Amino acid sequence: MMQKYLNPKKNLTLYLVMFKYFSLIVLLTSVFIFSCKKDGDDISPSISISSPFNNQQLNGFDTLIVRGTITDNKNIKYVSVVLRNQNNINVLPIVSFEPNSPSFNLNTAYFFNDIHMPSGEYHFKISASDGENITNKFITIYYGEVAKERTGVFFYDNNGSSTSIYSLTGTNATLFKTLPGDFIGGAANSFNQQLLSVGSLSGNLTAVDVTFGDVLWEINNSSSSTPFFMHTFFNSKEIYVSLRNGEIRAYDGNGNPKFLAQAQPSFYGEEGLIHTNLFFSEQKAIGNNDRRLVLYWTASGALVQQITLFEDVLGLYSLNTNKIVLLANDKSTGNAKIQIYDIQANAKSTPFSLAASPIDDVEEISSGVYLIAQNGNLVLVNANSFSTLPYLSGVNATKIKYEVFANELYVINGNTITVYDFSSKTIKGTYSHTSTVLDLVFLFNK
């Protein structure tokens, strides 16, 4: 079979024709790109800011006027103003405009109305766009947070079928809210501006708005014959409750679950402490007086370690990264004890002795310094110097509460609340209630 070959002249002609068309395509593409570039906009908007000035100092609840001039050779489509922290996270709302003009006079109020915003260095980011180009202007400011201050003192009583919350002002009390059911503990969530009440056999876990007295959320008590909630304590922005079924739960200010751990079998939680990334739980056996100190990871609720207790703990406190303080009554003698728990060693020690009588209540005054109510006296216990010091003699107390900002000590004995200046120990006021005062909490502005 005869093979056919292309004619070399025809082959060359074909290549020349293809090259001609390729060159034409390249030329037309270049003309198109050049035309587009010629018609486009490569000039960015210009931003000039007169307020705030760089490194300006501002404080909580200030209103700042952000003022400046923004221009563009064609049209400004979008302008935004936002405050960011040092992690480049927006901390206050974005203020935005759509000028649709070549110039824009920026003149807007910016409100520093976040009461929880901490002191520190922040950056205003002012942005302008013409649809194709964006210009960003950054201005550093320094912010001083809103000072923390006490806004209320509240106490709780119970008549067997309902719990009442009262507002205490000086030596006068006003009924604030009444809730159905019994009572084991209360708390104030200052971050969310809520008062909390926890029952046991019949009372719910209830959050009440401090401004209007409305019930914001509840966790129902599902018990029929045995206690449902066994213990409660508050930490930062979360309320912790221990259930008889062994669950230890935490809820945030919206009633959302934030933590869940399970006590040891046939145990339930009592005193609790959040320390670094650990949750410490004193646990009591159902049906006998066996007790344990059990540690969990706060992130997962998983068990870390545990140790047997021979004491009934009234208070758990952080001492340093590796040690916590237990103030307790010995299970056998009933006498007061202070113990130091070493986390790494999972071991307890008794650094010094306390007077041979039970502790009725305990309150932390400062790191390593505690006030205990014991045998009709108030005694300072110092875990830093391994010492005790009489504070007030002849003062019976069922509960004691220390408020550091006003430097006041509230001593509750039955139906009487006595307020002392902590430094001078002088009485600032006394209030006598119609029934036993079961708990007292302090509310702050944040």
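Count along the sequence shown from 1, then add 16; that gives the number in the numbering used here. Just so it is clear, CB atoms sit at the ideal spot from N, CA and C, and this is done for glycine as well. These numbers were taken from a predicted model, which means no experiment stands behind them.
| Asked | Found |
| --- | --- |
| DSSP-derived helix/strand/coil call for K164 | coil |
| Three-way DSSP call (helix, strand, coil) for L425 in this model | strand |
| DSSP-derived helix/strand/coil call for D268 | coil |
| Unbroken beta strand (DSSP E) run spanning M246, endpoints | F245 to N251 |
| Check whether I264 and G285 have beta carbons under 7 Å apart | yes |
| For K339: DSSP bridge partner residues | N336 and D358 |
| Cβ-Cβ distance between I86 and I63 below 7 Å | yes |
| Outcome for Q360 when other beta-carbon atoms lying within 10 angstroms are tallied against a minimum of 16 | exposed |
| C-alpha gap between V453 and D173, whole angstroms | 5 Å |
| Touch test, the region 83-99 against the region 132-146, Cβ-Cβ under 8 Å, three pairs minimum | yes |
| Cutoff 8 Å; reference D455; Cβ partners in own chain excluding five residues on either side | F171, Y172, F199, G201, G202 and K415 |
| Buried versus exposed, by CB contacts within 10 Å (16 or more), D78 | exposed |
| Whole-angstrom distance between Q390 and N345, CA atom to CA atom | 11 Å |
| Buried or exposed (CB count within 10 angstroms, at least 16 for buried), E165 | exposed |
| Span separating the alpha-carbon of T446 from that of Y158 | 44 Å |
| Cutoff 7 Å: E379 Cβ touching any chain B Cβ | Within the model displayed, chain B is absent; a lone protein chain is all it includes. |
| Buried versus exposed, by CB contacts within 10 Å (16 or more), V397 | buried |
| Cα-Cα separation between L425 and K462, rounded to whole angstroms | 21 Å |
| Rounded C-alpha distance that separates E114 from D130 | 26 Å |
| C-alpha distance - Y407 paired with I428, whole-angstrom precision | 16 Å |
| Candidates V329, Q278, N91 and T366, of which the one nearest P374 by Cα | V329 |
| Rounded straight-line distance, which links the Cα of V457 to that of K417 | 8 Å |
| R307 (DSSP reduced to helix, strand or coil) | strand |
| Counted within 10 angstroms of its Cβ, other Cβ atoms place I81 as buried (16 or more) or exposed | exposed |
| Sequence-distant residues of its chain with Cβ nearer than 6 Å to N89 (five each side left out) | I59 |
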